[in-house]
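A.B. asks: The structure under discussion is supplied below as structure tokens; questions concerning it will follow.
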Amino acid sequence: MSAAAPHAPLSRRVYLIGFLLSVALTAIPFWLAMTGALDKPATIFAIVGCAVIQILVHTVCFLHVNTTSESGWTLMAYVFTAVLVLIVITGSMWIMYHLNANMMPMTAMDGSS
Amino acid sequence: MAAENTGFYVLEEEHHETGSATLLGFWIYLMSDALIFATLFATFGVLRTSFAGGPSPREIFELPLVALNTGILLVSSITYGFAMIAMQDGKLGGTRAWLAITGLLGAAFVGVELYEFASLIHEGATPQTSAFLSAFFTLVATHGLHVTFGIIWLVVMLVQLQQRGLHAENRRRLMCLSMFWHFLDVVWIGVFTFVYLLGVVA
Numbered sequence: 304m305s306a307a308a309p310h311a312p313l314s315r316r317v318y319l320i321g322f323l324l325s326v327a328l329t330a331i332p333f334w335l336a337m338t339g340a341l342d343k344p345a346t347i348f349a350i351v352g353c354a355v356i357q358i359l360v361h362t363v364c365f366l367h368v369n370t371t372s373e374s375g376w377t378l379m380a381y382v383f384t385a386v387l388v389l390i391v392i393t394g395s396m397w398i399m400y401h402l403n404a405n406m407m408p409m410t411a412m413d414g415s416s
Numbered sequence: 009m010a011a012e013n014t015g016f017y018v019l020e021e022e023h024h025e026t027g028s029a030t031l032l033g034f035w036i037y038l039m040s041d042a043l044i045f046a047t048l049f050a051t052f053g054v055l056r057t058s059f060a061g062g063p064s065p066r067e068i069f070e071l072p073l074v075a076l077n078t079g080i081l082l083v084s085s086i087t088y089g090f091a092m093i094a095m096q097d098g099k100l101g102g103t104r105a106w107l108a109i110t111g112l113l114g115a116a117f118v119g120v121e122l123y124e125f126a127s128l129i130h131e132g133a134t135p136q137t138s139a140f141l142s143a144f145f146t147l148v149a150t151h152g153l154h155v156t157f158g159i160i161w162l163v164v165m166l167v168q169l170q171q172r173g174l175h176a177e178n179r180r181r182l183m184c185l186s187m188f189w190h191f192l193d194v195v196w197i198g199v200f201t202f203v204y205l206l207g208v209v210a
């Protein structure tokens with residue numbers, strides 16, 4: 304039975320905790336975006352914050368990434384990928400935003416394809 | 009003894025279980041898939057205000073529909089988790105039932121997404137309209153395509169389970185599919201946050 308179960312035994316409790324946290328972390332940003340309860344900067348901050356926390360919740364509760372799974376290699380690959388993802392996304396947006404701002408002084412921030 | 013050697017090696021050979029290498033390999037594949045999505049997110053992030061006279065996110069996105077789809081995918085994550093627990097307990101019937109529910113939820117997700125795309129295109133918001141919409145359709149449809157292939161895989165596994173039961177290979181395959189399915193839910197968190205919610209708010 305444990306022949307193909309290299310992870311620690313799965314528990315229903317962990318899945319349910321992950322699910323309840325996810326429901327809350329999904330409901331809050333949708334509620335904020337639909338009602339506009341906070342001002343814009345606070346809303347953006349809260350929405351992004353909920354997403355980051357929810358990604359971590361899914362990683363731990365559903366994907367079971369921890370320091371012991373596959374001798375820590377899953378965590379290693381995960382952290383490495385997270386760094387690459389952040390570099391690709393923030394780097395692209397940073398560079399292209401400045402390019403846009405410098406290249407098109409005539410057309411305001413309208414932008415064109 | 010060994011401690012005097014300068015080279016690094018593992019003193020105690022670890023116990024490798026069947027299918028462990030496959031699971032780690034599949035995990036590495038998922039991480040490379042995450043990089044594909046990262047480039048698509050980056051493209052979308054760069055082009056998100058390039059409307060070219062076309063509609064803006066606030067005009068075309070319907071958040072209740074996105075909330076419905078998010079809920080469907082989230083519930084499908086927990087039902088897949090229950091399938092894995094049933095598998096762990098050696099319950100073939102329970103595994104198949106939870107997998108079937110997961111597959112139906114996945115199909116509902118793809119259905120709602122296709123409905124959304126159809127109504128967007130009907131309103132004239134096609135991928136050709138603006139760079140923003142090109143990037144939007146590319147990113148969201150790539151995720152939808154992944155879910156579609158996940159459903160195909162899931163159906164194949166249901167047939168496999170019916171014919172051969174919960175043997176070690178099928179358990180390993182179901183673990184890979186589990187990672188795939190939960191990974192797609194993680195990507196969807198990025199999609200609904202950065203594409204839909206921030207599109208409407210910002």
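Here the protein sequences come in this chain order: V and W. Throughout, my numbering is defined as the position within the first sequence, counted from one, plus 303. Throughout, my numbering is defined as the position within the second sequence, counted from one, plus 8. Virtual Cβ for every residue (Gly too), placed ideally from N, Cα, C.
Less than 8 angstroms between the CB atoms is what I'm expecting for W:VAL195 and W:PRO65, so what's the real figure, rounded?
C.D. replies: So it is not a contact: roughly 19 angstroms between Cβ atoms.
A.B. asks: Since W:ASP103 and W:ALA94 should fall inside the 8 angstroms C-beta cutoff, what is the C-beta to C-beta distance between them, to a whole number of angstroms?
C.D. replies: One point to set straight first is that residue 103 of chain W is Thr, not Asp, in the sequence displayed. The pair is a contact, with the Cβ atoms about 4 angstroms apart (cut-off 8 angstroms).
A.B. asks: Can you give me the C-alpha to C-alpha distance between W:ILE159 and V:ALA404, rounded to a whole angstrom?
C.D. replies: Rounded to whole angstroms, W:ILE159 to V:ALA404 spans 43 angstroms at the Cα level.
A.B. asks: Can you list, in chain order, the residues of its chain whose CB lies under 6 angstroms from that of W:PRO63, leaving out five sequence neighbours each side?
C.D. replies: Taken in chain order, the residues that qualify are ALA133.
A.B. asks: Taking 8 angstroms as the CB-CB cut-off, is W:VAL208 touching chain V?
C.D. replies: Taking Cβ atoms only, chain V reaches closer than 8 angstroms to W:VAL208, which makes this a yes.
A.B. asks: Establish whether the CB of V:MET396 and some CB of chain W are separated by less than 8 angstroms.
C.D. replies: Answer yes: the Cβ-Cβ gap between V:MET396 and chain W drops below 8 angstroms somewhere.
A.B. asks: Spatial neighbours of W:GLU131 within its chain, please: CB distance less than 7 angstroms, with the 5 preceding and 5 following residues excluded, ordered by chain position.
C.D. replies: Within the same chain, W:GLU131 has close Cβ partners ILE68.
A.B. asks: How many Å lie between W:LEU31 and W:PHE188 at the Cα?
C.D. replies: The alpha-carbon atoms of W:LEU31 and W:PHE188 are separated by roughly 11 angstroms.
A.B. asks: Name, going along the chain, the residues of the region 343-360 of chain V whose beta-carbon falls closer than 8 angstroms to a beta-carbon of chain W.
C.D. replies: Listed in sequence order: LYS343, THR346, ILE347, ILE350, VAL351, CYS353, ALA354, GLN357 and ILE358.
A.B. asks: Using the Cα positions of W:LEU113 and V:VAL382, report the straight-line distance between them to the nearest angstrom.
C.D. replies: The alpha-carbon atoms of W:LEU113 and V:VAL382 are separated by roughly 30 angstroms.
A.B. asks: Please check if any C-beta of chain W sits within less than 8 angstroms of the C-beta of V:MET371.
C.D. replies: The sequence given here places Thr at residue 371 of chain V; Met does not occur at that position. Not closer than 8 angstroms to any Cβ of chain W, the Cβ of V:THR371 fails to qualify, so no.
A.B. asks: Please classify V:GLY332 as buried or exposed, where buried requires at least 16 neighbouring CB atoms within 10 angstroms.
C.D. replies: It is worth fixing the name first, because residue 332 of chain V is Pro in this sequence and not Gly. Buried, because 16 or more other Cβ atoms sit within 10 Å of the Cβ of V:PRO332.
A.B. asks: Taking the runs of the alpha helix (DSSP H) that are 4 residues or longer, which of them lie wholly in the region 75-135 of chain W?
C.D. replies: List check, alpha helix (DSSP H) in window: 100-130.
A.B. asks: Mark V:ILE447 as exposed unless 16 or more other C-beta atoms lie within 10 angstroms of its C-beta, in which case mark it buried.
C.D. replies: Here chain V covers residues 304 to 416 and nothing more, so residue 447 of chain V does not appear.
A.B. asks: For the candidate residues V:VAL360, V:ALA380, V:THR377 and V:GLY339, whose alpha-carbon lies nearest to that of W:LEU206?
C.D. replies: Nearest option by C-alpha distance: V:GLY339.
A.B. asks: Any beta carbon from chain W within less than 8 angstroms of V:LEU324's own beta carbon?
C.D. replies: Chain W, which has no Cβ nearer than 8 angstroms to the Cβ of V:LEU324, makes this no.
A.B. asks: Would DSSP call W:GLU177 helix, strand or coil?
C.D. replies: If DSSP states are grouped into helix, strand and coil, W:GLU177 belongs with the helices.
A.B. asks: Identify the contact partners of V:VAL386 in chain W, using a Cβ-Cβ distance below 9 angstroms as the criterion.
C.D. replies: What V:VAL386 touches in chain W: nothing, since even the nearest Cβ is about 11 angstroms away.
A.B. asks: Taking the Cβ atom as the reference point for each residue, do V:THR384 and W:ALA42 lie within a distance shorter than 8 angstroms?
C.D. replies: Against a cut-off of 8 angstroms, the Cβ pair of W:ALA42 and V:THR384 comes out as a contact.
A.B. asks: Can you tell me whether W:VAL54 is buried or exposed? The criterion is at least 16 other CB atoms within 10 Å of its CB, across all chains shown.
C.D. replies: Buried, since its Cβ has 16 or more Cβ neighbours within 10 Å.
A.B. asks: Can you list the residues of chain V that W:SER85 reaches, using a CB-CB cut of under 9 angstroms?
C.D. replies: Neighbours of W:SER85 on chain V, chain order: TYR318, GLY321, PHE322, SER325, HIS361 and PHE365.
A.B. asks: Whether or not the region 350-366 of chain V and the region 311-323 of chain V are in contact is what I'm after, with contact meaning three or more pairs of Cβ atoms, one per stretch, closer than 8 angstroms; do they touch?
C.D. replies: The region 311-323 of chain V, when compared against the region 350-366 of chain V, does touch it at the 8 angstroms Cβ threshold.
A.B. asks: What does W:LEU71 reach in chain A if we use C-beta pairs closer than 9 angstroms?
C.D. replies: The structure shown has no chain A; the protein chains it does contain are V and W.
A.B. asks: What three-state label does DSSP hand V:PRO309 in the structure shown?
C.D. replies: Unreliable positioning characterises V:PRO309 in this predicted model, as indicated by a pLDDT of 48, which lies under 50. The coordinate reading is nonetheless provided below. Three-state DSSP puts V:PRO309 in coil, outside helix and strand.
A.B. asks: Using a beta-carbon distance below 8 angstroms, is V:PRO309 in contact with chain W?
C.D. replies: With a pLDDT of only 48 at V:PRO309, under 50, the local geometry of the prediction cannot be trusted, and the value read off the model is given with reservation. It does: the Cβ of V:PRO309 has a partner Cβ on chain W nearer than 8 angstroms.
A.B. asks: Alpha carbon to alpha carbon, how far is W:ALA176 from W:HIS151? Give it in angstroms, no decimals.
C.D. replies: When rounded, the distance between both Cα atoms is 30 angstroms.
A.B. asks: Looking only at its chain, what residues have a beta carbon closer than 8 angstroms to the beta carbon of W:ARG181, apart from the 5 residues adjacent to it on each side?
C.D. replies: Closer than 8 angstroms at Cβ, skipping near neighbours: MET165 and GLN168.
A.B. asks: Can you check whether the C-beta of W:TRP106 is within less than 8 angstroms of a C-beta belonging to chain V?
C.D. replies: Not one chain V Cβ lies under 8 angstroms of W:TRP106.
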